[in-house]
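Numbered per this note's numbering, the sequence shown finishes at 254, counting up by one with no gaps. Okay, structure first, notes after.
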Amino acid sequence: MSPTWPGLLTVKGVHGADDPKYAYGGRNEGTTGDVTANTVTSDMANAADLVEEVYGGMASAEDNTGAVVKNGTAHVVYGGNATTGDAIKNIVTITGGTVTDNIYGGQSRAGAASGNIVDIGAVHIQNGIADKAVVGGYAAVTDHNTIHLRGTEIDGIVLGGAIEDTASPLGMKANPDGKDNTLAIHAAGTKIADFAGVQNLHFYVPEERTAADTIPMLTLTANADKDIRGVKVGIGIAGDHGVLAKGDTSAS
């Protein structure tokens, strides 16, 4: 089966009971063949309009596909979903609407899910459903995935790299073999239940933030006493500022 090359799908509305159940930027139904550089955008007219599952691409292997949610509701979102090969460098971008189930940058049932990105703005994800997750990569090999949160509120857990766990209500757990997965916080007021499968925790402090600002950059709503030993923590300030040194309360 030959590859499925660049394609673009934008879903703008639904028709009552005929809500679209699935939206694909690209799909290859063969047992072999790649889906490359396809994008699906869900931009519904109404917040209650529903797409069950949104896929940047679905095929034996995924590369550089993307899923974008701007408005409306989606249950599950995949940047890329690979059946037999790797899910590599796929991107999920959410700037509005909401997602009520899991979000995957990339998922592979038999290969690697690495180099994927999930980027979520100041929206509420999962609306009170705690046993759900935002996942950078889901596979046996999950390396170099990144999750960017920008004032986001997530009721569930964030997993940089995940693997199946049938004993868990979530159906997955942090991949203990994941490498160099990053959680990046870009705005104050970001809230998540917890995070795991993350080797790097980065804070990008907004340029306008001062010592008088008291809203935390990140709040863990289900694990206030988080042990982050072994996690590499980095802090930077957006804009043209000097480098922070130990003991600094601001940068100039």
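Even glycine gets a Cβ: it sits at the ideal position worked out from N, Cα and C.
{"Query": "Where serine 170 sits in the DSSP three-state scheme", "Result": "coil"}
{"Query": "For isoleucine 187, three-class secondary structure by DSSP", "Result": "strand"}
{"Query": "Close-in-space but distant-in-sequence residues of the same chain around glutamine 109 (CB under 8 angstroms, 5 per side omitted)", "Result": "Tyr80, Gly82, Asn83, Ala84, Ala89, Ala115, Val137, Gly139, Tyr140, Ala141"}
{"Query": "Other residues of its chain near isoleucine 194: CB distance less than 6 angstroms, five sequence neighbours each side excluded", "Result": "Ile156, Val160"}
{"Query": "Exposed unless 16 or more other CB atoms sit within 10 angstroms - verdict on lysine 228", "Result": "exposed"}
{"Query": "Threonine 86 to threonine 212 span [Cα, whole Å]", "Result": "49 angstroms"}
{"Query": "Segment limits, beta strand (DSSP E) that includes glutamine 128", "Result": "Counting along the chain, glutamine 128 falls outside any beta strand (DSSP E), and DSSP gives it neither H nor E."}
{"Query": "CB-CB length for isoleucine 165 against lysine 175, believed under 8 angstroms", "Result": "6 angstroms"}
{"Query": "Where lysine 234 falls, given that 16 or more other Cβ within 10 Å makes a residue buried", "Result": "exposed"}
{"Query": "Spatial neighbours of threonine 97 in its chain, beta-carbon cut-off 6 angstroms, leaving aside the 5 residues before and after", "Result": "Lys72, Gly123"}
{"Query": "Contact under 8 angstroms by Cβ, threonine 184 with glycine 162", "Result": "yes"}
{"Query": "C-alpha gap between aspartate 190 and valine 143, whole angstroms", "Result": "Rather than aspartate, the amino acid found at residue 190 in this sequence is alanine. Rounded to the nearest angstrom, the two C-alpha atoms are 32 angstroms apart."}
{"Query": "Residue closest to leucine 172, alpha-carbon to alpha-carbon, out of Lys23, Ile105, Thr100, Thr216", "Result": "Ile105"}
{"Query": "Residue environment, glycine 236, which counts as buried when at least 16 other CB atoms sit within 10 Å", "Result": "exposed"}
{"Query": "Outcome for glycine 99 when other beta-carbon atoms lying within 10 angstroms are tallied against a minimum of 16", "Result": "buried"}
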